[in-house]
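K.L.:
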Amino acid sequence: MGLFVLLSLTVLSEAMVMDKKVKESFVLDTVSAVCSYAAHYKDHLKYWCRGYYRDYCNIIAFTPNSTGRVALRDTGEQLIVTVSCLTKEDAGWYWCGIQRDFARDDMDFTELVVTDYRGAHTSDFWSVKGKGLTRSQKTRQAASAFATPLVGSLLGSSA
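When the letters of the sequence shown are read in order and numbered with mature numbering (1 follows the signal peptide of the UniProt record, and there is no 0), they come out as residues -15 to -1, 1 to 144.
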């Protein structure tokens, strides 16, 4: 009986699933996040929030509303979040969530990395060796593993 309850809680705790854990985009571009959820949550309120910790993230918008540069669309199986006209300050940790009345909200996260312009890559690093500069190439995956989340503001809310 105990194993059944444990397995049930594991399955139920993954009701909201983000499409990618790290999203990379450029200043002035548009980025979208797709959060899939279980069908029985179709009529629940969904939201998009910002912050490193899920319990302290600042809600930016609830379905069916959109605010400023953030648009939410609920298809009945997915919450699609689109952020337009990106700035460097938009970089950080974001969560999509399903509001539940008598239980902890189901949530999943992504980290947004915003690069200044298309000519720059988060995978390029410069280092000093001797008297000259040396360029070393790193993979985007390795670079994102060392990324520090930016705690700042988006659309007037603080993280």
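For every residue, glycine included, the Cβ atom is placed at its ideal position computed from N, Cα and C.
The structure displayed is predicted, hence computed values, not measured ones.
(1) Determine, using beta carbons only, whether Met3 and Phe94 come nearer to each other than 8 Å.
(2) Could you say which of Cys34, Glu9 and Val12 lies nearest to Asp90 if we only look at CA atoms?
(3) Between the beta-carbon of Met1 and the beta-carbon of Tyr32, is there less than 8 Å?
(4) Which residues in the same chain have their Cβ closer than 7 Å to the Cβ of Asp59, if we skip the five residues on either side of it in sequence?
(5) Evaluate Tyr26 with the Cβ neighbour count: other Cβ atoms within 10 Å of its Cβ, from every protein chain shown; 16 or more gives buried, anything less gives exposed.
(6) Taking its Cβ as the centre, do 16 or more other Cβ atoms sit within 10 Å of Glu9, making it buried, or is it exposed?
(7) So what does DSSP say about Lys5, is it helix, strand or coil?
(8) By a C-beta neighbour count over all protein chains shown, 10 Å radius and 16 as the cutoff for buried, is Lys5 buried or exposed?
(9) Mind listing, in chain order, the continuous beta strand (DSSP E) runs of no fewer than 3 residues lying wholly within the stretch 21 to 48?
(10) On the three-state DSSP scale, how would you describe Asp93?
(11) Note down, in chain order, each residue of its chain lying with its Cβ closer than 8 Å to the Cβ of Gly117, except the 5 sequence neighbours on either side.
(12) Quick check on Asp40: buried or exposed, where buried means 16 or more other Cβ atoms within 10 Å of its Cβ?
P.N.:
According to the structure shown:
(1) Against the sequence shown, residue 3 aligns to sequence position 18. Against the sequence shown, residue 94 aligns to sequence position 109. A contact, by the Cβ cut-off of 8 Å.
(2) What you label residue 90 is simply residue 105 of the sequence shown in a count that begins at 1. The shortest C-alpha separation from Asp90 is found at Cys34.
(3) Start at 1 with the first residue of the sequence shown, and residue 1 comes out as number 16. Start at 1 with the first residue of the sequence shown, and residue 32 comes out as number 47. No; because the gap between Cβ atoms is not below 8 Å, this pair is not in contact.
(4) Numbered from its first residue, the sequence shown carries residue 59 at position 74. Counting only Cβ-Cβ distances below 7 Å, and skipping sequence neighbours, we find Lys31, Thr48 and Pro49.
(5) Here residue 26 corresponds to residue number 41 of the sequence shown, with the count starting at 1. That one is buried.
(6) Walking along the sequence shown from the start, residue 9 turns up at place 24. With 16 or more other Cβ atoms within 10 Å, it is buried.
(7) Position 20 of the sequence shown, counted from the start, is the residue given in the question as residue 5. Looking at Lys5 - three-state DSSP - the assignment turns out to be coil, as it is neither helix nor strand.
(8) Residue mapping note: residue 5 aligns to position 20 of the sequence shown, counting from 1. By the neighbour-count rule (16 or more Cβ atoms within 10 Å), Lys5 is not buried but exposed.
(9) 31 to 35 and 43 to 47
(10) Your numbering for residue 93 matches position 108 in the sequence shown. In the structure shown, Asp93 sits in a strand (DSSP, three-state: E or B).
(11) Here residue 117 refers to the residue found at position 132 of the sequence shown. Caution is warranted here: a pLDDT of 43 is assigned to Gly117, below 50, making its placement in the model unreliable, and the coordinate value is therefore given only provisionally. Nothing listed; no residue qualifies.
(12) Here residue 40 refers to the residue found at position 55 of the sequence shown. It counts as exposed.
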